[in-house]
DNA sequence: TCTGGGGTCCTAGGACCC
DNA sequence: TCTGGGGTCCTAGGACCC
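Residue numbers (this note's numbering): 35 to 453.
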């Protein structure tokens, strides 16, 4: 048995917890650069504000309906997520943290009352964190997902075990709303005459495997209460690490792009060190705007590193080389990024024959830099290639987030004030 | 004017081996 | 004139998730 616990309107709910005036008010959270809608409170959903839509399309609606708009505040959401997950952990079931706002529990236990448990989960998370969650319980993860969707609509936990209940739900579920089926697969399934989850559950296994893929076959089996996906209690370590941003203002000059790429490398390399890994492969990519009428250009360059490393200066040097290969002048760049991949563990220290610093020195140096930045709670130390504009604030690469709420739970300077 | 960021898995086809 | 059978590995691109 699996339980899926899903936080309702997570980012919007985080904003509401620390700001009582937002109660019962429509709240919207925006992406980087305050571009797209990435979260909506239930009141905002009622106003038909769409997920992923650019916010400028709602300019008038915002004024008219007094909608509260926030820039994303991932320091806050990340910390609230940890609190929710810790609360779920207190129930002592094996747990898989599936995303920032979702977790599966493995309830391999015949003698518990699932509905009571589900209610307890919901109650405790709300009491300890202020976050409202939807709980769905079923024999497979795919069905637990469907159950939690129903729970979200009904406002109370849903246990999906009874065969008749399941059939009823499947008949009322469009294939696109199944976990693992997106818009492309939906079209292909429609062509095969499969419109609802019920149709898919009854479909011939051979046909599904031949016409679609093994993944869809697994989903089909899961709809029939045959588990194909386990609870991944110890998440496998990452296979790639990506840091990318859209720029608030378009960038044309090579040096500016170089600063951006360098700072992305620095962030990615730090994530890499946190995983105790070294990268063998580096990709950089740059692109102009997808929406603008300016000439379009997008390119990427990949480099196999001679020796695996997590040493930021080394990675920056390679990234700069890569950038030179793909940069073309007179284009207006809107987005860039860095991907590190093909990792080896930091325990296998391959020495660089030609380096003046040995690997231990490099690792110690980066460790100190990471520690200082962690303690300072900001980038106190950084590399010159990243650009030395004051606090990066005036720089072109800094993304704008004009309406960010305080880091109430992670910064002493931004604690909630009560008057 | 203004349109996110970060991941994983699967498959087909090419290159190569004996 | 007629040209096999069996396998692995790699990669790009497509699809999905939140």
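We treat Cβ as the ideally placed atom computed from N, Cα and C, and that holds for glycine.
Note that the structure is predicted; figures quoted are calculated from it, not measured.
Residue range of the unbroken beta strand (DSSP E) whose run includes residue i
{"i": "residue 108", "result": "Segment 108 to 123 is the alpha helix (DSSP H) holding residue 108; no beta strand (DSSP E) there."}
{"i": "residue 369", "result": "367 to 379"}
{"i": "residue 38", "result": "36 to 41"}
{"i": "residue 281", "result": "274 to 285"}
{"i": "residue 172", "result": "167 to 172"}
{"i": "residue 363", "result": "Note, residue 363: premise wrong, no beta strand (DSSP E); not H, not E."}
{"i": "residue 103", "result": "102 to 105"}
{"i": "residue 56", "result": "Note, residue 56: premise wrong, no beta strand (DSSP E); not H, not E."}
{"i": "residue 61", "result": "61 to 64"}
DSSP three-state assignment for residue i, whether helix, strand or coil
{"i": "residue 90", "result": "helix"}
{"i": "residue 347", "result": "helix"}
{"i": "residue 336", "result": "strand"}
{"i": "residue 133", "result": "strand"}
{"i": "residue 229", "result": "coil"}
{"i": "residue 224", "result": "helix"}
{"i": "residue 199", "result": "helix"}
{"i": "residue 464", "result": "This structure cannot speak to residue 464, because the chain is shown only from 35 to 453."}
{"i": "residue 427", "result": "Because the pLDDT of residue 427 is 45, which lies under 50, any placement of that residue in the model is unreliable, and the question is left without a value."}
{"i": "residue 353", "result": "helix"}
{"i": "residue 142", "result": "coil"}
{"i": "residue 96", "result": "helix"}
{"i": "residue 342", "result": "strand"}
{"i": "residue 211", "result": "helix"}
{"i": "residue 418", "result": "helix"}
{"i": "residue 44", "result": "helix"}
{"i": "residue 388", "result": "coil"}
{"i": "residue 248", "result": "helix"}
{"i": "residue 263", "result": "coil"}
7 Å Cβ shell around residue i - same chain, five flanking residues per side excluded
{"i": "residue 156", "result": "167, 169, 191"}
{"i": "residue 58", "result": "77"}
{"i": "residue 127", "result": "139, 140, 141"}
{"i": "residue 118", "result": "41, 159, 163, 165"}
{"i": "residue 105", "result": "64, 68, 435, 436, 437, 438"}
{"i": "residue 123", "result": "129"}
{"i": "residue 115", "result": "134, 135"}
{"i": "residue 272", "result": "309"}
Residues near residue i in its chain [Cβ-Cβ closer than 6 Å; skip 5 each side]
{"i": "residue 359", "result": "335"}
{"i": "residue 434", "result": "67, 282"}
{"i": "residue 226", "result": "none"}
{"i": "residue 65", "result": "72"}
{"i": "residue 330", "result": "322"}
Extent of the continuous alpha helix (DSSP H) to which residue i belongs
{"i": "residue 177", "result": "175 to 188"}
{"i": "residue 320", "result": "From DSSP, residue 320 is part of no alpha helix (DSSP H) but of the beta strand (DSSP E) over 311 to 322."}
{"i": "residue 194", "result": "Looking at the DSSP string, residue 194 is not in any alpha helix (DSSP H); the run it does join, the beta strand (DSSP E), is 192 to 194."}
{"i": "residue 127", "result": "Residue 127 -> no alpha helix (DSSP H), and no H or E assigned at all."}
{"i": "residue 399", "result": "393 to 410"}
{"i": "residue 304", "result": "288 to 308"}
{"i": "residue 451", "result": "That residue, residue 451, is in no alpha helix (DSSP H); it is neither H nor E in DSSP."}
{"i": "residue 240", "result": "239 to 245"}
{"i": "residue 154", "result": "148 to 163"}
{"i": "residue 77", "result": "76 to 80"}
Cα-Cα separation between residue i and residue j, rounded to whole angstroms
{"i": "residue 195", "j": "residue 253", "result": "17 Å"}
{"i": "residue 87", "j": "residue 398", "result": "45 Å"}
{"i": "residue 75", "j": "residue 60", "result": "6 Å"}
{"i": "residue 465", "j": "residue 400", "result": "Any question about residue 465 goes unanswered here, given that the chain covers just 35 to 453."}
{"i": "residue 312", "j": "residue 342", "result": "5 Å"}
{"i": "residue 328", "j": "residue 293", "result": "23 Å"}
{"i": "residue 428", "j": "residue 285", "result": "Confidence in residue 428 is poor, its pLDDT being 45 and thus under 50, which makes the residue's placement too unreliable to answer from."}
{"i": "residue 385", "j": "residue 393", "result": "6 Å"}
{"i": "residue 44", "j": "residue 152", "result": "19 Å"}
{"i": "residue 255", "j": "residue 182", "result": "19 Å"}
{"i": "residue 37", "j": "residue 121", "result": "15 Å"}
{"i": "residue 132", "j": "residue 171", "result": "15 Å"}
{"i": "residue 54", "j": "residue 421", "result": "40 Å"}
Close-in-space but distant-in-sequence residues of the same chain around residue i (CB under 8 Å, 5 per side omitted)
{"i": "residue 213", "result": "175, 176, 179, 180, 253"}
{"i": "residue 232", "result": "201, 204, 205, 207"}
{"i": "residue 258", "result": "235"}
{"i": "residue 266", "result": "130"}
{"i": "residue 425", "result": "In this prediction, residue 425 has a pLDDT of 46, which is less than 50 and means its spatial position is unreliable; what the coordinates show is noted afterwards. Answer for residue 425: no residue qualifies."}
{"i": "residue 450", "result": "52, 440, 442"}
{"i": "residue 81", "result": "60, 95, 99, 101"}
Subject >> Given 8 Å, three or more beta-carbon pairs between the region 40 to 60 and the region 408 to 418 >> reply: no
Subject >> contact_flag[the region 310 to 324, the region 364 to 373] where n(CB pairs < 8 Å) is 3 or more >> reply: yes
Original post:
Does the count of Cβ pairs from the region 254 to 273 and the region 296 to 304 closer than 8 Å reach three?
Top reply: no
**OP:** Determine, using beta-carbon pairs with one atom in the region 109 to 127 and one in the region 88 to 99, whether at least three such pairs fall under 8 Å.
**Re:** no
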